[in-house]
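Residue numbers (my numbering): 340 to 581.
Right, here's the structure in full:
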C-alpha cells in the first residue's frame with residue numbers, strides 16, 4: 340500500500356521500496372514472530388520484491404477495471420492466505436495483523452483488512468474516489484479469499500442446545516443422524532436450575548434435520564448455531580493427514 344502511494348507520487352521502484360519498508364517492519368516485529376515465521380517471511384518478502392521489480396514495466400491493457408479489481412483481490416488473497424497458512428507472513432501490514440491476532444484476538448484476515456483500509460484511505464487524494472472504491476472492493480475480496488484459505492475448506496456448524504428434554508434430543512440425534520453428542524452440565528444464572536447442555540457438530544446440510552428433531556421434542560429449547568471450520572476427529576477429517 341505505502342509502496343504504491345510512493346510509486347504514484349515519486350515513481351520510485353516498487354520492488355526496492357517494498358524490500359526496504361518490509362525489512363524495517365520485519366526488524367520492528369521480529370520479537371513478535373517465531374523463528375520459523377521469520378524465515379518464511381524473509382523468503383516471502385524477497386520473492387515479492389523480486390517479482391514487483393520484474394513486472395514493473397508490464398502493462399495490461401484492460402478497460403474492465405472492476406473485473407481487474409476482483410481478480411486482483413482473489414489472487415492476492417489466495418497468495419497471502421497460503422503464506423499465512425504455513426506460518427509465514429508477507430511482512431507489511433501482515434505483521435501488524437499477526438500482532439493484533441496474538442495480543443487482541445483479532446482474526447488475521449480482518450486485522451489485515453483493517454490496516455490495509457487505513458493505508459487505502461490515506462491514498463484518497465492520490466488515487467481519487469473511484470480508485471479508492473476499487474481498492475476497497477479488491478481488499479474485501481482479498482480478505483474473504485484469504486479467510487477461505489486460512490480457516491479451511493471444511494466448513495461445519497456447531498450447535499449448542501439447552502433443553503429440558505436434552506436426553507431425548509441427544510438420543511434422537513445419535514439414532515436418526517448418526518452423530519455424536521457432547522453433554523455439558525450447566526445452570527441458569529437467574530433460576531439456578533441445573534440443565535444439560537448439548538454440543539453437536541454437523542454439516543450445513545444436516546442443520547434443518549436437527550432443527551426438526553429439536554422442534555418436535557421441545558419447542559421451547561434454546562438453540563445457538565455457530566460457524567466452524569476444519570473439524571478433525573471421528574466422523575470428520577483425520578488430523579494426522581492434515
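Think of the CB as a built atom: it goes at the ideal place given N, C-alpha and C, for glycine as much as any other residue.
Query, Result
"Compare the beta carbon distance of residue 432 and residue 422 with 8 angstroms and say whether it is the shorter of the two.", "no"
"With DSSP as the reference, label residue 384 as helix, strand or coil.", "helix"
"For residue 457, verify whether its CB is less than 7 angstroms away from any heavy atom of the ligand MG.", "The ligand content of the structure shown is nil, which means the ligand MG is not present either."
"Sorted by chain position, which residues of the same chain lie with C-beta nearer than 7 angstroms to residue 426's C-beta, five sequence neighbours on each side aside?", "375, 376 and 379"
"Are the beta-carbon atoms belonging to residue 485 and residue 552 less than 8 angstroms from one another?", "no"
"Could you tell me which uninterrupted beta strand (DSSP E) segments, each at least 3 residues in length, are contained entirely in the segment 470-519, listed from first to last along the chain?", "495-501"
"Pair every Cβ in the segment 434-441 with every Cβ in the segment 495-511, then say whether three or more of these pairs are closer than 8 angstroms.", "no"
"Using a 10 Å radius around the Cβ and a threshold of 16 neighbouring Cβ atoms, would you call residue 385 buried or exposed?", "exposed"
"Roughly how many whole angstroms lie between the Cα atoms of residue 473 and residue 480?", "11 angstroms"
"Per DSSP, which residues does residue 525 bridge with? Please list them.", "534"
"Rounded to whole angstroms, what's the CA-CA distance from residue 465 to residue 410? Just pull it up for me.", "23 angstroms"
"Tell me whether residue 455 is buried or exposed, calling it buried when 16 or more other Cβ atoms sit within 10 Å of its Cβ.", "buried"
"Measuring straight from C-alpha to C-alpha, what distance separates residue 353 and residue 495?", "41 angstroms"
"Please classify residue 572 as buried or exposed, where buried requires at least 16 other C-beta atoms within 10 Å of its C-beta.", "exposed"
"If you follow the beta strand (DSSP E) that residue 562 is part of, which residue opens it and which one closes it?", "561-567"
"Within this structure, are the beta carbons of residue 510 and residue 524 separated by less than 8 angstroms?", "no"
"Within a Cβ cutoff of 8 angstroms, which residues of the same chain sit near residue 383, ignoring the five residues on either side of it in sequence?", "422, 427, 428, 429 and 430"
"Whose CA, out of 415, 356, 362 and 541, lies closest to the CA of residue 392?", "356"
"When the Cα atoms are used, what is the spatial distance from residue 468 to residue 403?", "17 angstroms"
"DSSP three-state label for residue 540, please.", "strand"
"Does residue 555 pass the burial test, meaning 16 or more other C-beta atoms within 10 Å, or should it be called exposed?", "exposed"
"At the level of alpha carbons, what is the spacing between residue 562 and residue 498?", "7 angstroms"
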